[in-house]
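>
Protein chains in written order, with this note's numbering: chain G, 1 to 66; chain C, 67 to 196.
(1) Tell me whether the beta-carbon of residue 143 (chain C) lies closer than 8 Å to the beta-carbon of residue 167 (chain C).
(2) Just how far apart, CA to CA, sit residue 90 (chain G) and residue 194 (chain C)?
(3) Can you find the residues in the same chain that come closer than 7 Å, C-beta to C-beta, to residue 16 (chain G), ignoring five residues on each side of it along the sequence?
(4) Pull up the distance between the alpha-carbon of residue 148 (chain C) and that of residue 134 (chain C), whole angstroms please.
(5) Do three or more CB pairs link the region 20-30 of chain G to the region 92-112 of chain C at distances below 8 Å?
(6) Can you check whether the C-beta of residue 29 (chain G) is within less than 8 Å of a C-beta belonging to chain C?
(7) Would you mind telling me which residues of chain C sit closer than 9 Å to residue 47 (chain G), beta carbon to beta carbon, in chain order?
(8) Going by beta carbon distance, what residues of the same chain come within less than 8 Å of residue 141 (chain C), once the five residues before and after it are set aside?
(9) Please check the pair residue 156 (chain C) and residue 164 (chain C), which I expect to be a contact at CB under 8 Å, by giving their CB distance rounded to whole angstroms.
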């Protein structure tokens, strides 16, 4: 796992926050909410893979399967 | 050395991003913090493996029973995972979920240590004059 993944997630979060502000200023609050929900889900899918890989590593190191 | 520098630089940069993200986009802020924790700890797994290998080697040379050594190491592993999980839940503002994670860690460590406790009790019973 690389440190750049964190910056990618942070960048995605900032872009979505800015678009969210634009959309809610334009009076489209519903679409703004949908956008933020979509962003959260995309990042969540990304994170779950990372967490699974990390927990597999930890299990291998501590030999929790025995 | 390279690893620690990257982690510390990422921590500082992420903290500054989080000042903005937590205000405008709280869920993604929590996710960024989670991603940082996972990446930083994943970079610690390699050194941890070396450390545990050295520990195993020492235990083998000292002639300790592998059952007891593995119980200690597994307890450390469960504590590691559970404390990370509970800290992340607390960070997202969910203290009740964090308490459950901590309790799950404690229960699984206790179950893991049950054979050792049973062995100690066995020795005590044998020592007592009947």
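Every residue, glycine too, gets a C-beta built ideally from N, C-alpha and C.
So, from the listed chains and residues:
(1) no
(2) With chain G running from 1 to 66 in the structure shown, residue 90 (chain G) is simply not present.
(3) 35, 36, 39
(4) 21 Å
(5) no
(6) no
(7) 97, 100, 101, 104
(8) 175, 178, 179
(9) 4 Å
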